[in-house]
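Residue numbering for the sequence shown follows the working numbering, starting at 53 and increasing by one per position.
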Amino acid sequence: VTRFLETYERDHGKLEIPLLVGFLPLASIRHANFLQQEVPGIVIPQQTIERIQSSSGKSAQTGIAATIDLIEQVRPQVQGIYLMPAFHRYDHAAEIVEAVK
53 VTRFLETYER
63 DHGKLEIPLL
73 VGFLPLASIR
83 HANFLQQEVP
93 GIVIPQQTIE
103 RIQSSSGKSA
113 QTGIAATIDL
123 IEQVRPQVQG
133 IYLMPAFHRY
143 DHAAEIVEAV
153 K
């Protein structure tokens, strides 16, 4: 988000509209690998991949925790956040909302 805002302001001036950022909580290492390899524009940091790989069967909870961490990082710079729960896991979205509200 910081890099986007800096580049935008350098090239176009201050962003005058609200910035919304979307999050797709990772459900498993397979999910992370698919997104990384098959969806153009999605980059998952190696640190996140390693965190999910070492989660010992709790990859969905690790994905939720990683999403919460990212939201807390970008929250001061954005005007809104939206969640895209993977595989209809609305309970995961609710857990994230409760953690960051």
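For every residue, glycine included, the Cβ atom is placed at its ideal position computed from N, Cα and C.
* Separation of G109 from E68, as counted between CA atoms -> Roughly 44 Å separates the two Cα atoms.
* To do: Could you tell me whether the stretch 123-139 touches the stretch 92-106, where touching means 3 or more Cβ pairs closer than 8 Å?
  => No, because fewer than three Cβ pairs between the stretch 123-139 and the stretch 92-106 fall closer than 8 Å, the two stretches do not touch.
* **Supposed close pair V53, V130 - CB separation, criterion 8 Å** => So it is a contact: roughly 6 Å between Cβ atoms.
* Residue environment, P77, which counts as buried when at least 16 other CB atoms sit within 10 Å -> P77 comes out buried.
* According to the Cβ coordinates, are T119 and F86 closer than 7 Å? -> T119 is not a Cβ neighbour of F86, given a cutoff of 7 Å.
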